[in-house]
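Chemist:
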Amino acid sequence: MASETSSLNGAADMPLDMFCRAGAVLAVLLAGEGVAVLLALAPGVEGERWLRLGLMSLFVQWVALMWVMGLCVARRSLARYAVLRVAWIAVLWLVVVSVAVAGIAFGLLAGSGVRLGTVTEFVGHVAVMSAVVGLLGVLGFYAFWQAQGWAVRAREAELAALHARIRPHFLFNTLNSIASLIPSRPLEAESMVEALAGMLRASLAGPQAVALAEELALVRAYLSIESARLEGRLQVVWRGALLEDAAGLGRVRVPSLSIQPLVENAVRYGVEPVREGGVVEIEVACVGDEVVVSVRNALVTLSPGREGAGMALGNVRARLEGLFAGRGRLDVLRGEGVFEVRLVVPA
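Numbering-wise, my numbering puts 519 at position 225 of the sequence shown, and it's gapless, one number per residue.
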């Protein structure tokens, strides 16, 4: 999977990748047909308009298909160039294709009675029109590409703000846990400090999205801290065949510090309030083309401080939406004494 930036909304894809999708090809064909209609039905055009429209449509569709095909074939080679240079290359390729198709069309229609003028006039007119259309397309596309870039940067800033709201909450709770152990169990407190240092080192590395394996490692470190603090009251059960698939866990991407807050909520609201402690179940499964991470705990009577859980879940949900544009989600289930949160991301 691509990096987190490209996962936002596809705006970080190579520019030419956009033209190799079915929707983009259809849009190019429809735009070309619109140009054909304008040219055929423009005032002052002599001859049978419907015949001219048919010929124009055939000509424009051939040009459009060959143009898109050429760009798709060459997109990997053009990936090293800047966006604006790629746009100018696309305009030049449009002119070349138009001139080539115009030459073939002139040869086929020369004796048909259709007024085309001389070959120089016909091909020259086609070259000029294709250049004008290409220049207008470059201006429109470049404006669109800049807007996409601004949208990506704005979304990244929003995600960073949401991310920052989660980290202090986690750090505050962990430091409280360490402080409670220092008087009675200094060695365990030292181990917890080392685990916390490892977690902070990973979480402060910067990327908004990380491998699922890395996120689960942070969860395990957090649970080791809480297990020491709760003195045996916390039981953790891991389930899922995907946990044994190191390669699969390395491929799947999730927002950094997205599963840890879910587990923290399970510990804070499903284990801590109960004198005997409780069980936190974590299941990782692949369902079709999605990976589902489920966190379950006993449903304890809600306390006045439960609003913090809702804020954490809302932050994680917003980050999933930002990174995966609707393909990731967070489901909350309650029933039969169990509280379950499911984080769903593309496989």
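Even for Gly, the Cβ is constructed at its ideal location relative to N, Cα and C.
Looking at L386 and V380, is the spacing between their C-beta atoms short of 8 angstroms?
Modeler: For V380 and L386, no; Cβs fall outside 8 angstroms.
Chemist: Could you compute how far the alpha carbon of S597 sits from the alpha carbon of E558?
Modeler: Residue confidence for S597 is low, a pLDDT of 49 falling below 50, so the modelled location carries little weight; the figure read from the coordinates is stated next. Computed Cα separation, rounded: 16 angstroms.
Chemist: Does the distance from the C-beta atom of S471 to that of R527 stay below 8 angstroms?
Modeler: Not a contact, by the Cβ cut-off of 8 angstroms.
Chemist: Going by alpha carbons, who is nearest to E520 out of R545, W444, G564 and V422?
Modeler: Among R545, W444, G564 and V422, the Cα nearest to that of E520 is on G564.
Chemist: From the DSSP output, in three-state form, read off V643 for me.
Modeler: The chain is shown from 295 up to 641; residue 643 falls before or after that span and cannot be answered.
Chemist: So what does DSSP say about V377, is it helix, strand or coil?
Modeler: Helix, per DSSP.
Chemist: Output the distance between the C-alpha atoms of P549 and G434, rounded to the nearest integer angstrom.
Modeler: Going from the Cα of P549 to the Cα of G434 covers about 33 angstroms.
Chemist: Who pairs with W532 in a beta bridge, going by DSSP?
Modeler: Answer is I576.
Chemist: According to DSSP, P567 sits in a beta bridge with which residue or residues?
Modeler: According to DSSP, which records beta bridges pairwise, P567 is partnered with nothing at all.
Chemist: Please classify G401: is it buried, with 16 or more other beta-carbons within 10 angstroms of its beta-carbon, or exposed?
Modeler: Exposed is the call here.
Chemist: With three or more C-beta pairs closer than 8 angstroms as the rule, is the region 500-511 touching the region 538-547?
Modeler: Cβ pair count under 8 angstroms is three or more, so yes.
Chemist: By DSSP, does R636 sit in helix, in strand, or in coil?
Modeler: Strand, per DSSP.
Chemist: Counting pairs of beta carbons, one from the region 415-431 and one from the region 388-400, are three or more of them closer than 8 angstroms?
Modeler: Contact holds: three or more Cβ-Cβ distances are below 8 angstroms.
Chemist: Need the endpoints of the alpha helix (DSSP H) that F514 sits in, please.
Modeler: Looking at the sequence provided, one finds Arg at residue 514 rather than Phe. First-last of the alpha helix (DSSP H) with R514: L506 to L524.
Chemist: Where V377 and G397 are concerned, what is the direct C-alpha to C-alpha distance, given to the nearest angstrom?
Modeler: For V377 and G397, the distance between alpha carbons rounds to 30 angstroms.
Chemist: Is it buried or exposed for T468, if we count other Cβ within 10 angstroms and need 16 for buried?
Modeler: Buried: at least 16 other Cβ atoms inside 10 Å.
Chemist: Assuming L637 and L556 form a contact by the criterion Cβ under 8 angstroms, report the distance between their Cβ atoms to the nearest whole angstrom.
Modeler: Rounded, the Cβ-Cβ distance is 7 angstroms, consistent with contact.
Chemist: For T412, verify whether its CB is less than 7 angstroms away from any heavy atom of the ligand ADP.
Modeler: With respect to small molecules bound, the structure shown includes none, and the ligand ADP cannot be examined in it.
Chemist: Under 8 angstroms by Cβ, that's how I've got V432 and S392 pegged, so tell me the actual separation to the nearest angstrom.
Modeler: About 15 angstroms; that fails the 8 angstroms criterion.
Chemist: Which same chain residues, not among the five before or five after V322, have their C-beta less than 6 angstroms away from its C-beta?
Modeler: Closer than 6 angstroms at Cβ, skipping near neighbours: A358 and V362.
Chemist: Closest to L345 by CA distance: which of L403, A483 and A515 is it?
Modeler: When each option's Cα is compared against that of L345, the closest is L403.
Chemist: Ignore the nearest five residues each way along the sequence and tell me which others in C366's own chain have a CB closer than 6 angstroms to its CB.
Modeler: Cβ within range, chain order: C314.
Chemist: Does DSSP put V546 in a helix, a strand or coil?
Modeler: Coil, per DSSP.
Chemist: On a CA-only basis, which of W382, R369, W356 and Q502 is nearest V399? Give me that one, please.
Modeler: A small fix is needed here, since residue 399 is Ala in this sequence, not Val. When each option's Cα is compared against that of A399, the closest is W356.
Chemist: Can you give the beta carbon distance from M493 to Y516, rounded, assuming they're within the 8 angstroms contact cut?
Modeler: With 8 angstroms as the limit, M493 and Y516 qualify as a contact, their Cβ atoms being about 7 angstroms apart.
Chemist: May I have the straight-line CA-CA distance separating L324 from A384, to the nearest angstrom?
Modeler: Distance between the alpha carbons of L324 and A384 is about 18 angstroms.
Chemist: From what residue to what residue does the beta strand (DSSP E) around V319 run?
Modeler: Premise fails: V319 lies in the alpha helix (DSSP H), A316 to L335, not in any beta strand (DSSP E).
Chemist: Beta strand (DSSP E) containing R621: first to last residue?
Modeler: Neither: R621 is in no beta strand (DSSP E) and is coded neither H nor E.
Chemist: Who pairs with F401 in a beta bridge, going by DSSP?
Modeler: Sequence inspection shows Gly at residue 401; the Phe mentioned does not correspond to that position. DSSP lists no partner for G401.
Chemist: Quick check on the burial criterion: 16 or more other C-beta atoms within 10 angstroms. Buried or exposed for S478?
Modeler: Exposed, since its Cβ has fewer than 16 Cβ neighbours within 10 Å.
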